Amino acid sequence: ENEGSFESDTEKDTFMKTARRLISDEPVVRVLAAMELGRIGNRAATSILTEAEKLNDPDFTIEIIHSLTAINNPSALPLFREKIADSDIRIRLCSLFALYEFDFKGSIPLIIDALKYSHSHIRIAAATLLGWKGAKEKEIPPALINALEDSEGRVRMAVIDALKTVTDKDIEFDVYASGNALSKSIEDLKKSLMGKSEVKVQRKSKAKVTRKFKGEIKEEKSKHKEEVEKAEK
283 ENEGSFESDT EKDTFMKTAR RLISDEPVVR VLAAMELGRI GNRAATSILT EAEKLNDPDF
343 TIEIIHSLTA INNPSALPLF REKIADSDIR IRLCSLFALY EFDFKGSIPL IIDALKYSHS
403 HIRIAAATLL GWKGAKEKEI PPALINALED SEGRVRMAVI DALKTVTDKD IEFDVYASGN
463 ALSKSIEDLK KSLMGKSEVK VQRKSKAKVT RKFKGEIKEE KSKHKEEVEK AEK
């Protein structure tokens, strides 16, 4: 269950002693307590960690996100969605990765949106995650190719690396091209990728792509997947 349970009083006592350290006056103690709760992995820690995050300590928040990702409770998804827009770049990156790890219905559109964020590190991370996603499904997310139009060369380089991950092929592309040369390079790359039988590039409208990714999670009977679907409603 989402709330977690304990097999013995001793286990519960150990858990509670660790949880109480989350409100310690010492920042290091708080971080270590969050880390330990993640290692324990009891879902009872989800609501406690989520509440403790309100202390507004960036390092503490980062460790909380790591621990909640490890605990793997869909009840933590609202916090990840909130923190993906945090002012601290580190927290945003952790939240972005957490959304990818959970692979819940709607995670991909959020990662695609991150390709438009002002901070280049976020866009690079989003491209990398989409590459991992595409590699698993042997399909190139159209948003990834569109991201080759990014204004920064290092972001375009990350996109090319992501495409290499998906296709498992070397890709020749001038990431520092601009104007008409860049547009032609992107169009040529699209044609090249469409010629590879092992990878399917879908050319759909943005709205259709979003709908496709929102519904892409295959139906599974595992308890976790059912909980994720329920949490998203």
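In the numbering used here, the protein residues as written are 283 to 515. Glycine is no exception: its CB is placed at the ideal position from the N, C-alpha and C atoms. Being a predicted model, the structure only gives us computed values, none of them experimental.
Span separating the alpha-carbon of residue i from that of residue j
| i | j | result |
| --- | --- | --- |
| Ile422 | Thr449 | 8 Å |
| Glu345 | Asn338 | 12 Å |
| Val313 | Leu319 | 10 Å |
| Ile393 | Ser465 | 24 Å |
| Arg321 | Ile353 | 8 Å |
| Ser479 | Ile366 | In this prediction, Ser479 scores a pLDDT of 36, lower than 50, which makes its location untrustworthy; no coordinate-derived value is stated. |
| Ile390 | Glu419 | 13 Å |
| Ala315 | Thr300 | 6 Å |
| Gly461 | Ala444 | 23 Å |
| Ala358 | Ala463 | 45 Å |
| Pro309 | Met317 | 12 Å |
| Val441 | Glu364 | 25 Å |
| Ala459 | Ala425 | 19 Å |
| Glu470 | Thr351 | According to the sequence as given, residue 470 is Asp; it is not Glu. Those two C-alpha atoms are separated by around 39 Å. |
| Glu431 | Glu454 | 16 Å |
| Met298 | Lys473 | 58 Å |
| Gly286 | Pro360 | 18 Å |
| Thr296 | Ile427 | 50 Å |
Chain-order list of residues whose beta-carbon lies under 8 Å from that of residue i (same chain, five-residue window excluded)
| i | result |
| --- | --- |
| Glu434 | Ser402, Arg405 |
| Ala489 | Low confidence applies here, because Ala489 scores a pLDDT of 38, under 50, leaving its location unreliable; read the following figure in that light. Here the set comprises nothing. |
| Val437 | Ser402, Arg405, Ile406, Ala409, Ala429 |
| Asp291 | none |
| Asp452 | Lys446 |
Cut-off 7 Å between Cβ atoms - residues of its own chain near residue i, not counting five sequence neighbours on either side
| i | result |
| --- | --- |
| Asp370 | Pro340 |
| Gly456 | The sequence given here has Asp at residue 456, not Gly. Within the same chain, Asp456 has close Cβ partners Ser467. |
| Lys294 | Phe288 |
| His348 | Gly320, Cys376 |
| Thr447 | Gly413, Trp414, Ala417 |
| Met439 | Val457 |
| Ser399 | Looking at the sequence provided, one finds Tyr at residue 399 rather than Ser. Cβ within range, chain order: Arg405. |
Close-in-space but distant-in-sequence residues of the same chain around residue i (CB under 6 Å, 5 per side omitted)
| i | result |
| --- | --- |
| Ala408 | Ile393, Ala396, Leu397 |
| Phe362 | Ser377, Ala380, Leu381 |
| Asp368 | Arg374 |
| Thr343 | Glu335, Ile373 |
| Gly323 | Ile353 |
| Val311 | Arg303 |
Residue range of the alpha helix (DSSP H) that includes residue i
| i | result |
| --- | --- |
| Pro423 | Where Pro423 is concerned, there is no enclosing alpha helix (DSSP H), given that its DSSP letter is neither H nor E. |
| Gly435 | 435-449 |
| Lys294 | 291-302 |
Any non-hydrogen atom of the ligand MN within 7 Å of residue i CB
| i | result |
| --- | --- |
| Asp450 | Questions concerning the ligand MN fall outside what the structure shown contains, since it holds no ligand whatsoever. |
Is the stretch 404-420 in contact with the stretch 381-395, if contact means three or more CB pairs nearer than 8 Å?
-> At 8 Å Cβ cutoff, the stretches touch.
The stretch 299-307 in contact with the stretch 324-332 per 3-pair CB rule at 8 Å = Yes, the stretch 299-307 touches the stretch 324-332.
Can you list, in chain order, the stretches of the alpha helix (DSSP H) that have 4 or more residues and sit fully within the stretch 309-390?
-> Qualifying alpha helix (DSSP H) stretches, in chain order: 309-322, 327-334, 340-353, 359-365, 371-384.
At 4 residues or longer, and completely inside the stretch 386-418: list those alpha helix (DSSP H) runs for me, N to C.
-> Listed in chain order, the complete alpha helix (DSSP H) runs (minimum 4 residues) inside the stretch 386-418 are 389-395.
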